[in-house]
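In the UniProt record's numbering, the protein residues as written are 1 to 301. Everything below concerns the one structure shown next.
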Amino acid sequence: MTETFTLAHFSDVHMSPVVGFGWRYWNAKRVLGYLNWQRKRRRVHVTAVADRLIADAHSLRPDHIAITGDLVNLGLPAEHEAALAWLRSVGSPASVTVVPGNHDIYSSMHGDRGVVRWAAYMGGEEDTLAFPFVRRVGPLALVGLNSAVETPPFFASGSLGSHQLEIAREQLLRLDEDGAIRVVLIHHPPLADMTTPRRRLNDAAHFAHLLERTGAELVLYGHNHTPAIDWLPSRKKPIPLIGAASASAGTEHGDEPLARYNLFTFFRSSSGLRIRHVVRGLETPDGPVTKLSENFLDAAA
Numbered sequence: 001m002t003e004t005f006t007l008a009h010f011s012d013v014h015m016s017p018v019v020g021f022g023w024r025y026w027n028a029k030r031v032l033g034y035l036n037w038q039r040k041r042r043r044v045h046v047t048a049v050a051d052r053l054i055a056d057a058h059s060l061r062p063d064h065i066a067i068t069g070d071l072v073n074l075g076l077p078a079e080h081e082a083a084l085a086w087l088r089s090v091g092s093p094a095s096v097t098v099v100p101g102n103h104d105i106y107s108s109m110h111g112d113r114g115v116v117r118w119a120a121y122m123g124g125e126e127d128t129l130a131f132p133f134v135r136r137v138g139p140l141a142l143v144g145l146n147s148a149v150e151t152p153p154f155f156a157s158g159s160l161g162s163h164q165l166e167i168a169r170e171q172l173l174r175l176d177e178d179g180a181i182r183v184v185l186i187h188h189p190p191l192a193d194m195t196t197p198r199r200r201l202n203d204a205a206h207f208a209h210l211l212e213r214t215g216a217e218l219v220l221y222g223h224n225h226t227p228a229i230d231w232l233p234s235r236k237k238p239i240p241l242i243g244a245a246s247a248s249a250g251t252e253h254g255d256e257p258l259a260r261y262n263l264f265t266f267f268r269s270s271s272g273l274r275i276r277h278v279v280r281g282l283e284t285p286d287g288p289v290t291k292l293s294e295n296f297l298d299a300a301a
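Take a look at the structure:
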């Protein structure tokens with residue numbers, strides 16, 4: 001690797017408005033989710049805000065864009081179609097990679113294709129989708145995991161399952177032998193203590209043990225709507241775990257800040273791989289997108 005490579009990371013777009021809420025898809029979970037959207041979230045998440053952040057990223061000419069889930073709100077077919085149109089406005093499948101979030105796989109689809117519509121952005125072909133997937137982009141190997149499963153009302157938890165974990169283990173070890181820069185994409189926070197029991201990754205302990213054994217250069221996630229930097233020990237060196245704020249937050253909500261995204265630049269130096277991490281976003285609702293922080297992910301603080 002003789003040149004730099006830049007990856008932009010977005011998450012939790014929660015596209016507005018909610019569309020296609022026909023009687024066929026009514027159930028307790030969606031009704032409660034819709035009421036929550038109407039009372040709170042529709043005032044927070046504004047697609048035009050996400051578009052401003054995407055435009056800012058494009059002005060910086062990243063080599064690739066990763067989106068770690070929750071493009072929609074209630075997992076409705078019309079929402080999935082709208083999200084596909086939005087993805088196409090962000091970039092081609094060659095320049096954008098997506099993994100689904102719990103709001104994308106929200107509740108029963110009654111046989112609808114759901115997120116399979118986005119297969120081209122998830123390493124698949126039309127109507128063909130398998131997790132985990134690997135996409136090679138420059139010196140990076142993006143390992144995409146699906147932690148989203150249907151859950152009952154009041155739960156937003158996730159799960160990877162033993163099969164997905166075993167395949168991911170094999171992929172990460174093989175990619176390490178190939179000398180790839182391994183970037184893991186997942187929606188749910190990778191450690192159990194990063195969120196509440198009703199929202200956590202149910203097999204987080206197994207996932208953390210896998211990462212400790214295989215290593216990875218970077219893990220990116222969303223779900224919490226708050227930026228975060230944590231470190232996980234592994235056999236070779238600590239792994240940075242980077243959480244993203246919502247990319248569409250036009251107003252602050254509780255502890256959740258205004259819209260932000262992550263920008264990573266990978267390059268080699270005499271000391272090995274270095275990763276420059278910049279957070280860009282809004283300081284005020286009507287203000288410009290600016291650089292909010294900058295650091296290097298070389299070792300645990």
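Every residue gets a Cβ at the ideal spot worked out from N, C-alpha and C, and that includes glycine.
Within the model, the alpha-carbon separation for Trp26 versus Ala66 is close to 31 Å. The beta carbon of Ala94 sits closer than 7 Å to no other beta carbon from its chain once the five residues preceding and following it are set aside.
Rounded to whole angstroms, Leu232 and Val49 show a C-alpha spacing of 32 Å.
Looking at Val116, Asp203, Thr97 and Lys236, the one whose alpha-carbon comes closest to that of Ala192 is Asp203.
In this structure, DSSP gives Gly287 a state outside helix and strand, which the three-state scheme calls coil. CA-CA distance, Val289 to Leu53, rounds to 7 Å.
As summarised for the stretch 16-97, the continuous beta strand (DSSP E) elements at least 3 residues long and confined to that stretch are 64-68, given in chain order. Per DSSP, the unbroken beta strand (DSSP E) holding Thr265 starts and ends at Arg260 to Ser269.
Assigned with DSSP and collapsed to three states, Val115 falls in helix. One Cα belongs to Glu81, the other to Ser147, and the distance between them is close to 21 Å.
If you check the CB distance, Thr214 and Gly144 do not come in under 8 Å. For His188, the closest C-alpha among the options Leu7, Gly101 and Val31 is that of Gly101.
Within its own chain, the residues whose Cβ lies closer than 6 Å to the Cβ of Val13, once the five positions on either side in sequence are excluded, are Ala50, Leu71, Ala247 and Ser248, listed in chain order. Gly243 counts as buried, since no fewer than 16 other beta carbons sit within 10 angstroms of its beta carbon. Taking C-alpha positions only, Phe207 is separated from Leu165 by approximately 7 Å. Judged by DSSP secondary structure, Ala228 falls within the beta strand (DSSP E) whose first and last residues are Ala228 to Leu232. Rounded to the nearest whole angstrom, the C-alpha separation of Thr265 and Arg136 is 16 Å.
Contact annotation: Leu74 and Phe21 have beta-carbon atoms nearer than 8 Å. By the criterion of a C-beta distance shorter than 7 Å, Ser107 is surrounded in its chain by Asn27, Lys29, Arg30, Gly75 and Glu150, once the five residues flanking it on both sides are discounted. With a beta-carbon spacing of about 20 Å, Leu129 and Val183 fall beyond the 8 Å limit used to define contacts. According to the DSSP assignment, Arg182 belongs to the beta strand (DSSP E) that extends over Ile181 to Leu185.
In terms of CA proximity to Arg61, Thr4 leads the group Arg41, Thr4, Gly69 and Asn36. Separation of Glu177 and Pro152 (C-alpha to C-alpha, rounded to the nearest whole angstrom) is 41 Å.
Leu175 and Ile239 have their C-alpha atoms roughly 16 Å apart. The bridge partners DSSP lists for Gly281 are Arg260 and Thr290.
Look at Arg213 here: in three-state DSSP terms it is helix. According to the DSSP assignment, Arg169 belongs to the alpha helix (DSSP H) that extends over Ser162 to Glu177.
For the options Ala78, Pro139 and His103, the alpha carbon positioned closest to that of Arg117 is the one of Ala78.
Tyr221 has Gly243 as its beta-bridge partners, per DSSP.
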